[in-house]
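Numbering of the sequence shown is given in this note's numbering, commencing with residue 72 and proceeding in unit increments. What follows is a single structure, written as structure tokens, with notes after it.
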Amino acid sequence: MLSKLLVIAIGSAIVNNVVLSQFLGICPFLGVSKKLDTAVGMGGAVTFVIGIASLVASLLYKFILVPLDITYLKTIVFILVIACLVQFVEMFLKKSVPPLYQALGIFLPLITTNCAVLGVALTNVQNDYGILESVVNGIATALGFFLALVIMAGLREKMEYNDIPRPFQGTAIVLVTAALMSIAFFGFSGVI
Numbered sequence: 072m073l074s075k076l077l078v079i080a081i082g083s084a085i086v087n088n089v090v091l092s093q094f095l096g097i098c099p100f101l102g103v104s105k106k107l108d109t110a111v112g113m114g115g116a117v118t119f120v121i122g123i124a125s126l127v128a129s130l131l132y133k134f135i136l137v138p139l140d141i142t143y144l145k146t147i148v149f150i151l152v153i154a155c156l157v158q159f160v161e162m163f164l165k166k167s168v169p170p171l172y173q174a175l176g177i178f179l180p181l182i183t184t185n186c187a188v189l190g191v192a193l194t195n196v197q198n199d200y201g202i203l204e205s206v207v208n209g210i211a212t213a214l215g216f217f218l219a220l221v222i223m224a225g226l227r228e229k230m231e232y233n234d235i236p237r238p239f240q241g242t243a244i245v246l247v248t249a250a251l252m253s254i255a256f257f258g259f260s261g262v263i
């Protein structure tokens, strides 16, 4: 059982990285990765939301949707769970860490529509994961998102001081960097 959980964790975080291999959650990846502290804050918020959403969605699916034979409502139920969790995170950050709340701006409520968060919940159902496996998959996926976001933020902060050719300045160099990161992560594809 432990080896299966380890395979799920490594596969979700690195091999099938949600941003760099599956290309989900690109909007916050590109939008919030300008500064390292903002990236860490967003990564923490997404990790919390995905981790808890994986647990709650798995429990609701196994104990309510399947027994009542209303599994066709899973997408709507999962979106509601995610929206509630994002509201909780938003209220917490607004009260506890106002500078981070201001720095994240519009990207914080957009976690609700982040396809990576919903993708994890649906992947858990599709792969028929149990509750523990769903939580491990969710947290590992979130940590993979966090890793990609922090690496990109670090690279973008370093790029500010580089002499970048005019055609590549701005969004172009960010997209080239993301593509190179994606290629690097594809190197892990044969691991699992």
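From the three backbone atoms N, C-alpha and C, an ideal C-beta is built for every residue, glycine too. Predicted model, so just to flag it, every value in this text is computed and none were measured.
For residue i, the nearest candidate out of the options (CA to CA)
i: L189; options: L171, K229, I121, T142; result: I121
i: A211; options: L107, D108, T109, I123; result: I123
i: V206; options: Q93, I85, F119; result: F119
i: A110; options: I235, G176, G209, I81; result: G176
i: A213; options: A80, V148, F178; result: A80
i: V157; options: G115, A174, Q197; result: G115
i: F159; options: I147, L179, G201; result: L179
Distance between residue j and residue i (C-alpha atoms, nearest Å)
i: K133; j: N195; result: 11 Å
i: K166; j: P99; result: 22 Å
i: Y232; j: T242; result: 16 Å
i: S129; j: T142; result: 12 Å
i: L203; j: N185; result: 23 Å
i: I135; j: K145; result: 10 Å
i: P169; j: I222; result: 24 Å
i: A84; j: M252; result: 14 Å
i: P138; j: L131; result: 10 Å
i: L151; j: T183; result: 9 Å
Contact check, residue i vs residue j, beta carbons under 7 Å
i: L91; j: A224; result: no
i: V274; j: M113; result: Outside the shown range of the chain, which is 72 to 263, sits residue 274, and nothing can be said about it.
i: F256; j: N88; result: yes
i: E228; j: L101; result: no
i: V117; j: F216; result: yes
i: L95; j: A187; result: yes
i: S125; j: V191; result: yes
i: L181; j: L171; result: no
i: I235; j: I244; result: yes
Limits of the alpha helix (DSSP H) - the one that residue i falls within
i: K75; result: 73 to 81
i: E231; result: Per DSSP, E231 belongs to no alpha helix (DSSP H) and is neither H nor E.
i: A250; result: 242 to 257
i: G102; result: 97 to 102
_Whole beta strand (DSSP E) elements within the segment 122 to 189, 3-residue minimum_ = none
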